[in-house]
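Report on one structure; see the data block that follows.
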Amino acid sequence: MFLKRLEIIGFKSFADRIGIDFVPGVTAVVGPNGSGKSNVTDAIRWVLGEQSAKSLRGAKMEDVIFAGSDSRKALNFAEVTLILDNTDNLVPLDFTEISVTRRVFRSGDSEYLLNKQTCRLKDITDLFMDSGLGKEAFSIISQGRVDEILNSRPEDRRTIFEETAGVLKYKQRKKKAEFKLIETDDNLNRVLDILHELDGRMEPLQIQSSLASDYLRMSEELKGIEIAVIAHDLRLYVQENATLHSKLQAMEETKQALLEQIRTMEDSIQKDRKAMSQIDEKLDSEQSELVETSSELERLEGRKLLLAEKQHNASQQISQLRNTLQEEQEKLISFERQLKENNVSKSEKQLLLKELRAKKHQIDLVLSKSASEVEDEIEELKSTYIDLLNEEATMKNEMKHMEQQLHFEHVSSEKMIEDYRDIKEELEKLTSRKQELDKLLATCQKELEQKLRDYAQKREASEQLDTTFEDQQTMLQKAYQMKHQMQARKDSLEELESEFSGFFQGVKEVLKARDKKELQGIHGAVAELIQIPHAYMNAIDTAIGQQSQHIITDTSQDARMAIEWLKKKKVGRATFLPLQVMKSRKLNEHTLASISGHPSFVNTADKLVNYSDGYQIIVENLLGSIIIAKDLKGANEMASRLQYKYRFVTLDGDVVNAGGSLTGGSVKQQSSLFTRKAELDQLNDKLIELEKSVYQAEKAVSSRKQEVQQLKIKLEETRLAGETLRGEEHRLLSETRECAAIISRLTHQLLEYDEEKTEKNHLQENLVRKKEQTAIRNAEIKESLATIQQTIDQLQLLKQQSIEEKDKFQNELGELLSHIAVVNEQVSQQEKEKVQLESSILTSTQKVGTLQKEIAWYENDEQGGTSAEELVILIGQLKDKKDHLVEQIQAGKTNRMALVEQISKLEHSLKLVQNEANLHTNVERDLEIKLSKLEVEMHTLQNHLEETYEMTLEEAERDFPFTLEEDLARKKVKLLKLSIEELGPINLGSIQEFEQVSERHTFLTEQREDLLSAQETLHEVIKEMDEEMTIRFETTFRDIQKHFKVVFRELFGGGQADLILTDPTSLLDTGIDIIAQPPGKKLQNLSLLSGGERALTAIALLFAILHTRPVPFCILDEVEAALDEANVTRYSDYLKKFSHNTQFIVITHRKGTMEGADVLYGITMQESGISKLVSVKLEEQLVT
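Under the working numbering, the first residue of the sequence shown carries the number 18, and numbering increases by one thereafter.
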């Protein structure tokens, strides 16, 4: 595998897309400071998954996007693609070429692509894990990384060795296994807590399940009898329903006959009403026609009177309109005549204007001819004059410039003499200063060595204190974890307490009602009010049994109120112990004395529990007659003495019952109401003790932390003092070198002084010579200017004479122009008059047409109107029509009165028949109501049968025949319902819940075993990975150690070096110290080495790692910057040596490294802020 190509766009200073093609061997990337060459390393680190913006020399990840420059806008994204050759299948992908792409957008979004397919960051990191190519691998090393390797703690330094050993994937797997182990522990704790809770629920659920089974059995028996009774009742209802339907049918037939008679009579009435309606419509029509006729008659008579007056007015109007028409026609003729005269005058004026303009043009030609010739000659001379003036000004400027230059050269020469004296004085001062610096440098180096020794001693003390502090922190963390677990368990138990978990449903509801103040006089359950010592927990818990859930009240009234409340709410049953009526039950002294001497005798149960004074009677009633024995054998012997009259319970929970029966055996460890309360008390006590322990541990950790911080402050102060001295050393060295450089520079300046002085003398001589030549040319120009000015004056005089001769032509031209203006104004006025005349003609024409139309209308109205004779005829006809209509209306009214009388008789008969029909309807309604009630009963029974039992009447009669007597069956139904009610609230879900809890208990038990097995397996896996990592790390370390010794001697030309484990007994956690002794020096700490020695030591370690585990490619960013030329050559030779197996990309500005490269890429900033790429293949250049 090797790196084939790197493509960058928008990343840092690479605004444009660039592509860098890499070849096997050594590729060098060079360029001036600030050109962006280190951005190539950042791009490779970034595309391989680097998430730290600080590591990429930025504040946030968006800083890697090109931010713009003076000439470029900022980009909105950055993209880097890395293309790898995978022909050797080093990376386990079925591709011979792998491309890895990363993009980031200014919005904060980012993308990862593997072979142009979207993927996750984890996919990329997993792909290169343990390959030596990761973002933190030793294959990417910068100058800062060199210092980090050498300055880091030994424990941090082991990371690159782990990467080389390939144990990072095992560390990741171990981390996952440890996380799974923690999850398994948490799951196991949860399973144990749930099992503990389920154990407390099993027994109550079993009781509830038994009650639910009894309820189902009696419900099934009730179902059979109730279905038979319902079927019997339904059959009776069906028979009665048929009888009622028959009666209703007979009533319906009679009712239909009456309704038919009613319909016939209603049809007759409707027919008469229709006839009367027709008569009414005819009367209305005739009345309307009579009104219209009368109105028309009146209108015609009025028109007859108006007709005569209208004809008289029309004759007068026609006469007036004809006079007006004649006047308008005369005006129109006058306007047309004026328009014609206007057109003729306009043509004459335009012709005159044309002649005047032609004459003006001739005069203009005469005036302009001679003047233009003189003017052209004058202008030509002026142009020459101006050119000479410009040349004169130029000569003057050159003269002035040469004078200034001569002055400047003179001043400059004087300045050089002064500078020479200053340089001599500065050289003397610098020589003296350099001697002082040499003394200060020697003193500073001596103090620096002392500070470094102090720093090493304090650092060793700090590391020892850190170890102690970490151990105390681990102990405190374990205490915190234990406290957290105990608090979680306490919270779980308190939650169960607050929810009254484990109590019967009825008891739980009463206790909740007490807390809500819904019930009065409730003290609480027995389990809440007595405390059992741990030693007697099993015995007392067994002795008291379910009585622990009995509820203590003040009075019997309080108990009855609570029972009534339970019935009302239907939430279960409970047993109550009223303090008012409860009696003590205790063994008499004689009986107690007969067994108290037995070795197994402990005491009566009431003497072994703790309780408040007010509950003594209750405790004695429940436990006063129960004897606690140490073991079952002793209990049996004491019971025999007392003739098995009393109950004995052993400390293990075995029981000798009154009468002689024995109960015992093994029981599952489970939580009861008492054990839960006891555990809660113990947890409270333990938490108090643990709080004290945590407090003491925190104080110890805080104290040790302060010691660590104080020591670190002292260590930092020592380090800072050393850094200050180191900085002073560097400053003194820099100042010494600077003095030597300045002395060399000033000496060189003195040598250059004589050469510059000679050049200045030559320059002054040339300037004097050029100044003289310029003065001669200036005199010639002045003479030419005088001659040209004289010629121009003569031509101006000639021009003036020509102008006087042409004045008379000019006057004539002025008169001509005035005449032309007058004629133009006259033509314009005639144009306006023409427009006005044409408008007047149009108006008159329109008015004439309008008058002609009006005359025609009046003539038509006068001739075409209705005549008076025609109106007289029409009036006579309308009077005859009116008389006929009056006769028809009177006849219609007579017919209507006859129909009204006939309709009244029919309506009376109809009412009698309707009354009879209504009587039948009422009887029918009564029957329907009775039938409806019957059907409701039937429907209710059918719904009950279908919805409750999901069967029809036929199925009920078939499957559940009515075999009992009716009274007996109904009594049995009542008895069964009463028995079911006496069972109290039934939790039918308890059957399934009990099965589910049992199944869950079994399942969780199996889960517990599986989790325990998983714990063991994970411990084995972690152990195996630790062993594998130990073997791999040790093997790799020994190989690197061996190669490091050899490479160090080769690079340094002698000396010795070694790698040492800080804790060889713990290879998984040990740090690694680097020991280096360059030739001719004592064995000393790395911090005492010079910058070049430190860099060469780190490079030796890098090559030792590559000896042990070659990587496909390696990026080195100015790691040799601190080396001198000889060491750079050795470094370059080593690169060539290793380049057969590893491809090197080096960022450098050292000549020796460049000479050893196969391909050289240059990074430049031809455009401000934009990095560009140039490349040269050195082998090809050498050949050519």
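Virtual Cβ for every residue (Gly too), placed ideally from N, Cα, C.
No experiment lies behind these values; they were computed from the predicted model shown.
Check                                                                                                                 : Outcome
C-beta atoms of P1096 and F1065 nearer than 8 Å                                                                       : no
Buried or exposed by the 16-neighbour rule on C-beta atoms within 10 Å, applied to T621                               : buried
Per-residue DSSP class, three states only, for T118                                                                   : strand
DSSP bridge partner residues for P595 (one or two, in chain order)                                                    : T570
Inter-residue spacing [alpha-carbon to alpha-carbon] between E1041 and V208                                           : 28 Å
CB of L144 within 8 Å of CB of V108, strictly                                                                         : yes
Runs of alpha helix (DSSP H) lying entirely within the region 643 to 680, each at least 4 residues, in chain order    : 649 to 658
Neighbourhood of K989 by C-beta distance below 8 Å, restricted to the same chain and skipping five residues each side : I242, L981
Three-way DSSP call (helix, strand, coil) for F1155 in this model                                                     : helix
S761 versus L596, K291, N555, E445, residue with shortest Cα-Cα distance                                              : E445
E183 in three-state terms, based on DSSP                                                                              : A small fix is needed here, since residue 183 is Gly in this sequence, not Glu. In the structure shown, G183 sits in coil (DSSP, three-state: anything other than H, G, I, E or B).
Among Y1151, S1188, S801, the one whose alpha carbon lies nearest that of D404                                        : S801
Length of the line joining the Cα atoms of K916 and I279                                                              : Correcting the residue type first, residue 916 is Leu in the shown sequence and not Lys. About 20 Å.
Where S1188 sits in the DSSP three-state scheme                                                                       : strand
Buried versus exposed, by CB contacts within 10 Å (16 or more), K386                                                  : For K386, the predicted structure reports a pLDDT of 45, less than 50, and the residue's modelled location is therefore unreliable. The matter cannot be settled from this model.
Coil, strand or helix - D38 by DSSP                                                                                   : strand
Of the residues P41, G42, G27, the one placed nearest V57, counting alpha carbons only                                : G27
Per-residue DSSP class, three states only, for A1074                                                                  : strand
Straight-line Cα distance separating I1003 from W1202                                                                 : With the chain covering 18 to 1201 only, the question about residue 1202 has no answer from this structure.
Status (buried if at least 16 other CB within 10 Å, exposed otherwise) for S1188                                      : buried
E746 versus L458: straight-line alpha-carbon distance, rounded                                                        : 6 Å
First and last residue of the uninterrupted alpha helix (DSSP H) at I561                                              : 554 to 561
Three-way DSSP call (helix, strand, coil) for G541 in this model                                                      : strand
T753 beta carbon less than 8 Å from that of L454                                                                      : yes
Reduced DSSP secondary structure (H/G/I, E/B, other) of A1093                                                         : strand
Check whether T1181 and S55 have beta carbons under 8 Å apart                                                         : no
Close-in-space but distant-in-sequence residues of the same chain around G589 (CB under 7 Å, 5 per side omitted)      : F521, Q522, G523, E526, L583, G1001, P1002
Three-state secondary structure (DSSP) of I26                                                                         : strand
Simplified DSSP state of I1003, which is helix, strand or coil                                                        : coil
Distance between L536 and D558 (C-alpha atoms, nearest Å)                                                             : 28 Å
Candidates V47, L73, R89, of which the one nearest S1185 by Cα                                                        : R89
Span separating the alpha-carbon of K451 from that of C756                                                            : 7 Å
Three-way DSSP call (helix, strand, coil) for L1140 in this model                                                     : coil
CB-CB length for T1165 against H1060, believed under 8 Å                                                              : The pair is not a contact, with the Cβ atoms about 24 Å apart (cut-off 8 Å).
Alpha carbon of Y628 to alpha carbon of Q548, nearest angstrom                                                        : 6 Å
Top-ranked residue by Cα proximity to L167, from N912, S230, G1109                                                    : G1109
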